[in-house]
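Note sheet for the following structure.
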Amino acid sequence: MSAEIAKSPGKDRRQRRSKIAIRQAFLQLLSEKDLSEITVKEIADRADRDRKTFYLHYGCIDDLIDEILQEEAEEEVAIIRQFSLGSDGLVDVHKLYTVLGDQIVRRLNERSALLKHVKTSDLIMRLKPLLTKVLAEDDSLGLGKSLGPHLDLFVAYFCAALLQLYTQWLEGDSELPAEQLSELAVATTFGGINALIAAAETMGLGKK
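One rule links them: number in the working numbering = place in the sequence shown (from 1) + 5.
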């Protein structure tokens, strides 16, 4: 047993290196040809691995894409949170809306080789559960006192609406500048939030 335990860190490192090589090979191939033309064998050959190694980590190419998109979303939300912190150490939702728009556009440009094969909405909506978690934990929308145990439900609602706004903005190739979009999103969100708070307090939803 002790020998197996001693070997496991090295095995983990080899597996991580294999996954990194496979991912890099896949992204390189995407910059050269269409997704429909890429095979598992090509990815494995480019990564200097065999097909068995590929299938050790992924069931198919779609699984590889799914993992990349999920990690992209997680990294994006981490960056958004970092640059949206106010002086009190909590997320400033005004800053968040501005940073969110900037990051979405930046990521789409940086990953154009992959994302041209993926719906913009598929990537953006992956942010919803991650963004909801950040805003609920910090109570950035100021809903916690009024909504109590129902907070997550309504934070998810506002996040879905916000992300749908950015999706429509990108897919519709809107001429509205990102800065103005963010300002209008903040105004719309907090106008709606004030009404929600008043209604929730009247219903006594914040009481446990």
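We put the beta carbon where it would ideally sit given N, CA and C, even for glycine.
In whole angstroms, what is the alpha-carbon distance linking residue i and residue j?
i, j, result
"Thr44", "Lys24", "16 Å"
"Gln185", "Thr125", "21 Å"
"His155", "Val139", "16 Å"
"Ser179", "Leu189", "14 Å"
"Lys57", "Arg18", "18 Å"
"Val96", "Val82", "12 Å"
"Arg111", "Asn199", "32 Å"
"Glu176", "Gly209", "40 Å"
"Ala161", "Thr137", "5 Å"
"Arg21", "Gln87", "26 Å"
"Asp93", "Lys133", "24 Å"
"Tyr102", "Leu32", "30 Å"
"Gly149", "Leu119", "39 Å"
"Pro182", "Arg54", "45 Å"
"Gly91", "Leu146", "13 Å"
"Lys38", "Glu72", "20 Å"
Cβ of residue i less than 7 Å from any chain C Cβ?
i, result
"Thr44", "In summary, chain C is missing from the structure at hand, where a single protein chain is found."
Among the options, whose alpha-carbon lies nearest the alpha-carbon of residue i?
i, options, result
"Gln108", "Ile84, Gln20, Lys121 and Leu175", "Ile84"
"Thr207", "Ser151, Ala183, Phe163 and Phe59", "Ser151"
"Glu42", "Asp93, Ala161, His122 and Gln20", "His122"
"Val98", "Gly211, Leu74 and Phe195", "Phe195"
"Lys16", "Glu37, Leu146 and Leu61", "Leu61"
"Gln75", "Thr193, Ala205, Arg131 and Val191", "Arg131"
"Val104", "Asp50, Ser187, Gly211 and Leu135", "Ser187"
"Leu40", "Thr172, Asp67, Ile27 and Cys164", "Asp67"
"Glu80", "Leu135, Asp50 and Lys46", "Leu135"
Could you tell me how far apart the beta carbons of residue i and residue j are, in whole angstroms, since I believe they sit closer than 8 Å?
i, j, result
"Leu35", "Ile48", "Not really, about 10 Å apart at Cβ, beyond 8 Å."
"Ala78", "Ala52", "Not confirmed; about 24 Å, so no contact."
"Ile202", "Leu168", "Contact flag wrong, Cβ pair sits at about 22 Å."
Quickly, what does DSSP pair residue i with across the bridge? List them, please.
i, result
"Val191", "DSSP, once it has assigned bridges, lists no residue as partnering Val191."
"Val96", "Leu90"
Would you decide whether residue i is buried or exposed? Buried here means 16 or more other CB atoms lie within 10 Å of its CB.
i, result
"Asp127", "exposed"
"Tyr63", "buried"
"Gly106", "buried"
"Cys65", "exposed"
"Ala192", "exposed"
"Leu69", "buried"
"Ala141", "buried"
"Leu170", "buried"
"Leu158", "exposed"
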